[in-house]
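Undergrad: So for the sequence shown, my numbering puts the first residue at -17; every next one is plus one. The beta carbon of each residue, even a glycine, is placed where N, CA and C say it ideally should be.
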Amino acid sequence: MDAARSVSTEDTRVTIREINNSGPFSTLADDVRKGFSRSPKQLPPKYFYDDRGSRLFERICSAPEYYPTRTENALLEQKSASIIAHVKPSSILELGSGSSRKTTHLLNACDQQQCYSKYLPFDVCGDIMVSAGKHLTCRYDWLEVEAHVGDYCRDLPALPGDDGPRLVAFLGGTIGNFGEDEALAFLRGIHAIMRDEDRLLIGADRAKDTEVLHAAYNDAQGYTAAFNLNILEVINRELGAQFNLDLFEHHAFFNEPASRIEMHLRSKSDQMVYIRDLDMHVSFKRGETVLTEISRKFAPGALTHVLDQAGFVIERHFEPGNNYYSLILARPKSGTAARYQASPDRLAV
Ligand code: AVJ
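Here you go:
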């Protein structure tokens, strides 16, 4: 069953395929009901990113305390030429492409090396990919953009294959927002759509001084706090809830034993909140917190381990002088990539 729908755009070099266009909030009701029924309460971080949340996230990325974006960007700027020369991709598939800003380093390298790859952004929001795609086709006269709308945790199997090597990019350090099992399952899902000559390019944040980490998630301008609180605004709007944002506060800290940042929303008082569309009353004790995001900070060995478990070997590992961040190029372990190449009887896995 191929439910994908192709939508035409004015720009003939930007096409968009809707694998799943139910939008970012189609699972919100279920997730909110479940998350508020748990103890401790919890919400999935993917709901931060409505229009306002996405703008706040952009602010976070340029805040002086938030080093990951800058660091990854510098690594991509320096290493894209060698990555493209090595992989010679016929297509670049980017999971969670957003504004595609990070991708320009890879595309610049393609341009310089006359490696005319197709670009396949994959995200929940089609509009952003179309406007980013138009921008990119203006900049690169050879570029074709085939945007895919869907949920990259679920819809990867519906992606089209490719004849040449594919570079699958998962940047920004988002792998850190998954728990251990989730991260492994996600990487295995990527592995399942890769062939031997394909490569995974993944960015991950590293463990470092607590003060540096703390500052990155508690920026002085308060962008991270506003970003965190915005998830309540999303629930108010999408589910007719009555959260008063003044009665919650941002709380982010480094959980050192678990090597992860935890972002919470902390209730400033005893309160009861009604969520109309769920017909649900949720009570909060003063000081009680809702976990809204984990952001794991990896040791190099932990990255090698999870990639190994998912069927990858690290081919190149780029890091800055301060070891703040890892940009990793990995390939499927020999003989483990089955799709397209294997004889049909080997596809039953
Ligand atoms: C870029 C999505 C991985 O975990 O650092 C930034 C999101 N949360 N500040 C991260 C985020 C709070 C971010 N990711």
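Is it the case that the CB of E270 approaches a heavy atom of the ligand AVJ more closely than 7 Å?
TA: Walking along the sequence shown from the start, residue 270 turns up at place 288. Incorrect: E270 has no Cβ contact closer than 7 Å to the ligand AVJ.
Undergrad: Mapping the DSSP letters down to three states, classify S325 as helix, strand or coil.
TA: Numbered from 1 along the sequence shown, position 343 holds the residue referred to as residue 325. Annotation note: pLDDT 41 at S325 (below 50); position unreliable, no value reported.
Undergrad: Would you mind giving the Cβ-Cβ distance between A(-14) and P302, rounded to the nearest angstrom? I have them listed as a contact below 8 Å.
TA: Along the sequence shown, read from residue 1 onward, the residue named residue -14 stands at position 4. Along the sequence shown, read from residue 1 onward, the residue named residue 302 stands at position 320. Contact flag wrong, Cβ pair sits at about 39 Å.
Undergrad: Name the DSSP bridge partner or partners of V264?
TA: Within the sequence shown, residue 264 is the residue found at index 282, counting from 1. For V264, which the question treats as bridged, DSSP gives the partners V255.
Undergrad: Taking R(-5) as part of the alpha helix (DSSP H), name the residues at either end of that continuous run.
TA: As a working mapping, residue -5 is identified with position 13 in the sequence shown. That residue, R(-5), is in no alpha helix (DSSP H); it is neither H nor E in DSSP.
Undergrad: Work out the CA separation of E275 and H117 for me, nearest whole Å.
TA: Indexing the sequence shown from 1 puts residue 117 at position 135. Indexing the sequence shown from 1 puts residue 275 at position 293. H117 and E275: Cα-Cα distance of roughly 32 Å.
Undergrad: Are there any heavy atoms of the ligand AVJ lying less than 7 Å away from the beta-carbon of N159, as far as the coordinates show?
TA: Locating residue 159 in the sequence shown gives position 177, counting from the first residue. Yes, since a heavy atom of the ligand AVJ falls inside the 7 Å radius drawn around the Cβ of N159.
Undergrad: Are there 16 or more other CB atoms within 10 angstroms of the CB of L227, so buried, or fewer, so exposed?
TA: Start at 1 with the first residue of the sequence shown, and residue 227 comes out as number 245. So L227 counts as exposed.
Undergrad: Under the rule that 16 or more other beta-carbon atoms within 10 Å means buried, what is D163, buried or exposed?
TA: Taking the sequence shown and counting its residues from 1, the one referred to as residue 163 is at position 181. Classification of D163: exposed, given that the 10 Å Cβ count is below 16.
Undergrad: Please report the straight-line C-alpha distance between Q291 and I157, rounded to a whole angstrom.
TA: On the sequence shown, position 309 is the one that residue 291 refers to. On the sequence shown, position 175 is the one that residue 157 refers to. Here the alpha carbon of Q291 sits roughly 15 Å from the alpha carbon of I157.
Undergrad: Could you check the C-alpha separation between A114 and S62 for me, to the nearest Å?
TA: For the purposes of this step, residue 114 is identified with residue 132 of the sequence shown, where counting begins at 1. For the purposes of this step, residue 62 is identified with residue 80 of the sequence shown, where counting begins at 1. Using only the alpha carbons, I get a separation of about 20 Å.
Undergrad: Please state whether the Cβ-Cβ distance between G185 and G161 is less than 8 Å.
TA: Working through the sequence shown from its first residue, we reach residue 185 at position 203. Working through the sequence shown from its first residue, we reach residue 161 at position 179. Going by C-beta atoms, G185 is not nearer than 8 Å to G161.
Undergrad: Going straight from the alpha carbon of L166 to that of F235, what length do you get?
TA: Indexing the sequence shown from 1 puts residue 166 at position 184. Indexing the sequence shown from 1 puts residue 235 at position 253. Approximately 24 Å between the Cα atoms of the pair.
Undergrad: Considering only C-alpha positions, which residue in the set N304, R177, A312 is nearest to V288?
TA: For the purposes of this step, residue 288 is taken as the residue at position 306 of the sequence shown. It is A312.
Undergrad: When DSSP labels each residue in this structure, what does A330 get in the three-state scheme?
TA: Residue numbering aside, residue 330 sits at position 348 when the sequence shown is read from its first letter. Residue confidence is low: A330 scores 45 on pLDDT, short of 50, so the model does not pin down where it sits. Its coordinate-derived value is still stated next. It is coil, neither helix nor strand.
Undergrad: For E98, which three-state DSSP category applies?
TA: One-based indexing of the sequence shown puts residue 98 at position 116. The question names Glu, yet the displayed sequence has Tyr at residue 98. If DSSP states are grouped into helix, strand and coil, Y98 belongs with coil.
Undergrad: Could you tell me which whole beta strand (DSSP E) segments of length 3 or greater appear in the stretch 167 to 231?
TA: 181 to 187
Undergrad: Beta-carbon separation of D178 and P26 under 8 Å?
TA: The sequence position of residue 178 within the sequence shown is 196, counting from 1. The sequence position of residue 26 within the sequence shown is 44, counting from 1. Cβ distance not < 8 Å, so D178 and P26 don't count as in contact.
Undergrad: Do L153 and V337 come within 8 Å of each other at the CB atom, strictly closer than that value?
TA: Because the chain is modelled from -17 through 331, residue 337 falls outside the range shown and cannot be assessed.
Undergrad: If you compare alpha carbons, which of F18, A197, F168 is closest to R136?
TA: For the purposes of this step, residue 136 is taken as residue 154 along the sequence shown, with counting starting at 1. With distances taken between Cα atoms, R136 lies closest to F168.
Undergrad: Name the residue from T318, A129, Y29 whose alpha carbon lies nearest to the alpha carbon of N218.
TA: The residue labelled residue 218 in the question sits at position 236 within the sequence shown. Comparing Cα-Cα distances from N218 to each of T318, A129, Y29, the minimum goes to Y29.
Undergrad: Taking the continuous alpha helix (DSSP H) assigned at T286, which residues delimit it?
TA: Indexing the sequence shown from 1 puts residue 286 at position 304. Counting along the chain, the alpha helix (DSSP H) containing T286 begins and ends at 282 to 291.
Undergrad: Cβ of Y49 within 8 Å of Cβ of I42?
TA: On the sequence shown, position 67 is the one that residue 49 refers to. On the sequence shown, position 60 is the one that residue 42 refers to. No, these two residues do not count as a Cβ contact at 8 Å.
Undergrad: Per DSSP, N90 forms a beta bridge with which residues?
TA: What you label residue 90 is simply residue 108 of the sequence shown in a count that begins at 1. Beta-bridge annotation (DSSP): N90 is not paired with any residue.
Undergrad: Which of the three DSSP states, helix, strand or coil, is assigned to E0?
TA: Position 18 of the sequence shown, counting from 1, holds the residue named residue 0. In this structure, E0 counts as strand in the three-state DSSP scheme.
Undergrad: For the ligand AVJ, is there a heavy atom less than 7 Å away from the beta-carbon of P50?
TA: Numbered from its first residue, the sequence shown carries residue 50 at position 68. Here the distance from the Cβ of P50 to the nearest heavy atom of the ligand AVJ is below 7 Å.
Undergrad: Check each candidate in T85, Y98, D32, Q24 and name the one with the smallest Cα separation from T51.
TA: Numbered from its first residue, the sequence shown carries residue 51 at position 69. Of the listed residues, the one whose Cα sits closest to T51 is T85.
Undergrad: Consider the C-beta atom of G132 and the heavy atoms of the ligand AVJ; say whether any pair is separated by less than 7 Å.
TA: As a first step, residue 132 must be located in the sequence shown, where it is residue number 150. Not under cutoff, so the answer is no.
Undergrad: In three-state terms, what does DSSP make of L149?
TA: If you number the sequence shown from 1, residue 149 lands on position 167. Correct three-state label for L149: strand.
Undergrad: Buried or exposed: which applies to A281, given that a residue is buried once 16 or more other Cβ atoms fall within 10 Å of its Cβ?
TA: If you number the sequence shown from 1, residue 281 lands on position 299. A281 should be labelled exposed.
Undergrad: Start and end of the beta strand (DSSP E) containing Y307?
TA: Residue 307 sits at position 325 when you count from the first residue of the sequence shown. Element bounds for Y307: 307 to 314.
Undergrad: Please classify E128: is it buried, with 16 or more other beta-carbons within 10 angstroms of its beta-carbon, or exposed?
TA: Along the sequence shown, read from residue 1 onward, the residue named residue 128 stands at position 146. Per the 10 Å Cβ criterion, buried.
Undergrad: Under 8 Å by Cβ, that's how I've got L38 and A151 pegged, so tell me the actual separation to the nearest angstrom.
TA: Counting from one through the sequence shown, the residue named residue 38 turns up at place 56. Counting from one through the sequence shown, the residue named residue 151 turns up at place 169. Not a contact, Cβ separation roughly 24 Å.
Undergrad: Select from P103, R148, F294, T286 the residue whose C-alpha is nearest the C-alpha of I66.
TA: On the sequence shown, residue 66 is found 84 positions in, with the first residue counted as 1. Nearest to I66 by alpha-carbon distance, out of P103, R148, F294, T286, is R148.
Undergrad: Going by DSSP in three states, V(-11) sits in which element: helix, strand or coil?
TA: The sequence position of residue -11 within the sequence shown is 7, counting from 1. In the three-state DSSP reduction, V(-11) falls in the strand class (E or B).
Undergrad: Evaluate D33 with the Cβ neighbour count: other Cβ atoms within 10 Å of its Cβ, from every protein chain shown; 16 or more gives buried, anything less gives exposed.
TA: Locating residue 33 in the sequence shown gives position 51, counting from the first residue. Burial call: exposed.
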